[in-house]
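Colleague: In this text, residue positions in the sequence shown follow this note's numbering: the first is 1, and each later residue adds one.
Have a look at this one before I ask anything.
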Amino acid sequence: MNVACLTSGGKDSIYALYVALHYGWNVKCLISIKPKKISWMYHMENIHLIPLISKSMELPLLMKESEAEKEKELNDLKELIEKANVDGVISGAVASEYQRTRIERICHDVGVKSFTPIWHKNEEMLLNDMLNVEFEILITAVAGHGLDERWLGRKIDYETLKEMTELNKKYEVNISGEGGEYETIVVDCPLYKYRIEIEEANVFWDGSRGSYEIRKAKLVKKY
Numbered sequence: 001m002n003v004a005c006l007t008s009g010g011k012d013s014i015y016a017l018y019v020a021l022h023y024g025w026n027v028k029c030l031i032s033i034k035p036k037k038i039s040w041m042y043h044m045e046n047i048h049l050i051p052l053i054s055k056s057m058e059l060p061l062l063m064k065e066s067e068a069e070k071e072k073e074l075n076d077l078k079e080l081i082e083k084a085n086v087d088g089v090i091s092g093a094v095a096s097e098y099q100r101t102r103i104e105r106i107c108h109d110v111g112v113k114s115f116t117p118i119w120h121k122n123e124e125m126l127l128n129d130m131l132n133v134e135f136e137i138l139i140t141a142v143a144g145h146g147l148d149e150r151w152l153g154r155k156i157d158y159e160t161l162k163e164m165t166e167l168n169k170k171y172e173v174n175i176s177g178e179g180g181e182y183e184t185i186v187v188d189c190p191l192y193k194y195r196i197e198i199e200e201a202n203v204f205w206d207g208s209r210g211s212y213e214i215r216k217a218k219l220v221k222k223y
């Protein structure tokens with residue numbers, strides 16, 4: 001089956017692609033939307049790194065800038081899915097009904113199948129699985145109780161997962177960040193031929209939320 005993968009560069013979309021490849025599907029390309037402002041559907045943080053991820057995976061990229069107007073922004077995704085000419089589309093939705101239902105609607109309109117391989121997976125188990133297969137994940141934005149500026153740019157490891165689990169018990173922070181508590185970027189994983197090395201980044205913090213803006217990055221050969 002020929003499929004395209006919707007990706008923001010974050011852990012869930014990249015891991016959904018990882019799972020799909022283990023199903024034996026042929027991933028023809030990556031699809032990504034670059035919103036001009038905060039979007040109901042698409043991530044903004046470090047979306048400019050998607051071309052590096054595409055190059056590292058050696059997969060073609062279909063990318064489009066969007067005005068990010070609610071509901072109208074779906075047409076941008078529809079356009080790219082039609083252009084991909086595939087049988088199905090993979091997305092990394094875990095718990096967001098808003099994203100899942102809209103992606104399914106677009107796929108139905110285009111006449112392709114929608115696949116969400118990590119939908120409703122246990123969040124703690126999901127992150128454990130990512131770490132077990134050596135996903136290197138950085139936190140690029142935070143907006144949740146207990147998540148302060150020290151988390152920005154932090155690598156997710158088993159200790160981070162333990163702390164996230166404790167915050168879940170204390171503040172009901174979603175371990176996967178599905179409530180918008182945090183965003184991520186995958187800088188290395190088994191799908192990458194080259195790892196992403198960050199050369200320059202800025203931390204922005206307003207007292208309750210913040211972001212880790214990667215200004216400069218490059219691909220480095222893996223040994």
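For glycine and all other residues, C-beta sits at the position ideal for the given N, C-alpha and C.
Note that the structure is a prediction, hence the values are computed from the model and not measured.
Considering only residues of the same chain and omitting the five flanking positions on each side of LYS222, which have a CB-CB separation below 8 Å?
Modeller: Numbered from 1 along the sequence shown, position 222 holds the residue referred to as residue 222. Only ASP188, TYR192, LYS193, TYR194 and ARG195 meet the Cβ criterion.
Colleague: Can you tell me which residues form a DSSP beta bridge with LEU6?
Modeller: Within the sequence shown, the letter at position 6 stands for residue 6. Note: LEU6 sits in a beta bridge opposite ILE31.
Colleague: With DSSP as the reference, label ALA141 as helix, strand or coil.
Modeller: By 1-based counting over the sequence shown, the position of residue 141 is 141. Reduced to three states, the DSSP call for ALA141 is strand.
Colleague: Look at LYS155 and LEU131 and say whether their C-beta atoms are less than 8 Å apart.
Modeller: Taking the sequence shown and counting its residues from 1, one reaches residue 155 at position 155. Taking the sequence shown and counting its residues from 1, one reaches residue 131 at position 131. Taking 8 Å as the Cβ cut-off, LYS155 and LEU131 do not qualify as a contacting pair.
Colleague: Hey, quick one: how far does the beta strand (DSSP E) through THR184 stretch, first residue to last?
Modeller: Taking the first residue of the sequence shown as 1, we reach residue 184 at position 184. Element bounds for THR184: 182 to 188.
Colleague: Give me the DSSP bridge partner(s) of ILE196.
Modeller: To locate residue 196, count along the sequence shown from 1; it is residue 196. According to DSSP, ILE196 bridges with LEU219.
Colleague: How would you label SER208, buried or exposed, when you count the other beta carbons within 10 angstroms and need 16 or more for buried?
Modeller: Taking the sequence shown and counting its residues from 1, one reaches residue 208 at position 208. SER208 should be labelled exposed.
Colleague: Hey, CYS29 and ALA68 are a contact pair by Cβ (cut 8 Å); roughly how many whole angstroms apart?
Modeller: Taking the sequence shown and counting its residues from 1, the one referred to as residue 29 is at position 29. Taking the sequence shown and counting its residues from 1, the one referred to as residue 68 is at position 68. Going by Cβ atoms, the distance from CYS29 to ALA68 rounds to 22 Å, so no, they are not a contact pair.
Colleague: For GLU45, count neighbouring C-beta atoms within 10 Å of its own C-beta (all shown protein chains included) and say buried if the count is 16 or more, exposed if not.
Modeller: Stepping through the sequence shown from its first residue, residue 45 is reached at position 45. Classification of GLU45: buried, given that the 10 Å Cβ count is 16 or more.
Colleague: Could you check the C-alpha separation between GLY24 and TYR158 for me, to the nearest Å?
Modeller: Translated into positions along the sequence shown, residue 24 becomes position 24. Translated into positions along the sequence shown, residue 158 becomes position 158. Spanning the two alpha carbons is a distance of roughly 29 Å.
Colleague: Tell me the DSSP secondary structure of SER13 in three-state form.
Modeller: Taking the sequence shown and counting its residues from 1, the one referred to as residue 13 is at position 13. In the structure shown, SER13 sits in a helix (DSSP, three-state: H, G or I).
Colleague: Based on the DSSP secondary-structure assignment, which residues constitute the bridge partners of ALA224?
Modeller: Beyond the ends of the chain as shown, which are 1 and 223, falls residue 224; an answer cannot be given.
Colleague: Does the Cβ of GLY210 have 16 or more other Cβ atoms within 10 Å, making it buried, or fewer, making it exposed?
Modeller: Here residue 210 refers to the residue found at position 210 of the sequence shown. Under this definition GLY210 is a buried residue.
Colleague: Going by C-alpha to C-alpha distance, which of ASN2, VAL19, THR7 and GLY10 sits closest to ASP129?
Modeller: Within the sequence shown, residue 129 is the residue found at index 129, counting from 1. Closest option to ASP129, Cα to Cα, is VAL19.
Colleague: Curious, which full-length alpha helix (DSSP H) runs of at least 4 residues does the stretch 114 to 159 contain?
Modeller: 123 to 132
Colleague: Return the bridge partner residues of GLU65 from the DSSP annotation.
Modeller: Here residue 65 refers to the residue found at position 65 of the sequence shown. Answer is LYS34.
Colleague: In three-state terms, what does DSSP make of ILE175?
Modeller: Taking the sequence shown and counting its residues from 1, the one referred to as residue 175 is at position 175. In the three-state reduction of the DSSP assignment, ILE175 falls in the coil class, being assigned neither a helical nor a strand state.
Colleague: Hey, out of SER91, TYR98 and LYS64, whose CA is closest to LYS83's CA?
Modeller: Here residue 83 refers to the residue found at position 83 when the sequence shown is read from its first residue. Across the set SER91, TYR98 and LYS64, the C-alpha of LYS64 shows the shortest separation from the C-alpha of LYS83.
Colleague: In chain order, what residues of the same chain lie with their CB nearer than 6 Å to the CB of MET164, ignoring the 5 residues before and after it?
Modeller: Position 164 of the sequence shown, counted from the first residue, corresponds to residue 164. Excluding sequence neighbours, MET164 sits near ILE175.
Colleague: Going by C-alpha to C-alpha distance, which of VAL186, ALA217 and ALA95 sits closest to GLU199?
Modeller: Sequence index remark: in the sequence shown, residue 199 carries index 199 (1-based). Measuring from the Cα of GLU199, the nearest candidate turns out to be ALA217.
Colleague: Ends of the alpha helix (DSSP H) at ILE103?
Modeller: Here residue 103 refers to the residue found at position 103 when the sequence shown is read from its first residue. That run of the alpha helix (DSSP H) goes 97 to 110.
Colleague: The alpha helix (DSSP H) with ILE81 in it runs from where to where?
Modeller: Residue numbering aside, residue 81 sits at position 81 when the sequence shown is read from its first letter. From DSSP, the alpha helix (DSSP H) with ILE81 extends over 74 to 84.
Colleague: Run through the DSSP bridge pairs and tell me what VAL89 is partnered with.
Modeller: The residue labelled residue 89 in the question sits at position 89 within the sequence shown. ALA4 and SER114, per the DSSP bridge assignment.
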